[in-house]
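Numbering (the numbering used here), first residue to last: 1399 to 1493.
Structural data, given as structure tokens:
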């Protein structure tokens, strides 16, 4: 909330219209993401060849303390939601 994502939207649009290889990825944080976020992302970015959900890992050097990763089951649920619009989406960094 309160974050201006216009530059991100412009970059994504340029990538998807261009001919340069790229991938989209989201580091999934339990406290910041929900299933509905991935429904929205799927609608917004529908169709890219390469999109990854990657597991958040606490490096010990966080902007905000108290953030945690999602379980494998939660990640898989989010992936299924995303794959409705981005069929080739996959998981990365899951134990």
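Just so it is clear, CB atoms sit at the ideal spot from N, CA and C, and this is done for glycine as well. Since this is a predicted model, take the numbers as computed values, not measurements.
- Judged by DSSP secondary structure, residue 1436 falls within the alpha helix (DSSP H) whose first and last residues are 1433 to 1443.
- Shown here for residue 1443: same chain residues with a beta carbon closer than 8 Å to its own, the five before and five after excluded, namely 1410, 1414, 1422, 1449, 1483, 1484 in chain order.
- A residue is called buried when at least 16 other Cβ atoms come within 10 angstroms of its Cβ; residue 1426 meets this threshold and is buried.
- Within the same chain, 1467, 1491 come within 8 Å of residue 1455 by CB-CB distance, once the 5 residues on both sides are set aside.
- Residue 1459 and residue 1465 have their C-alpha atoms some 11 Å from each other.
- Between residue 1451 and residue 1433, the gap from beta carbon to beta carbon reaches 9 Å or more.
- For residue 1451, the three-state secondary structure derived from DSSP is strand.
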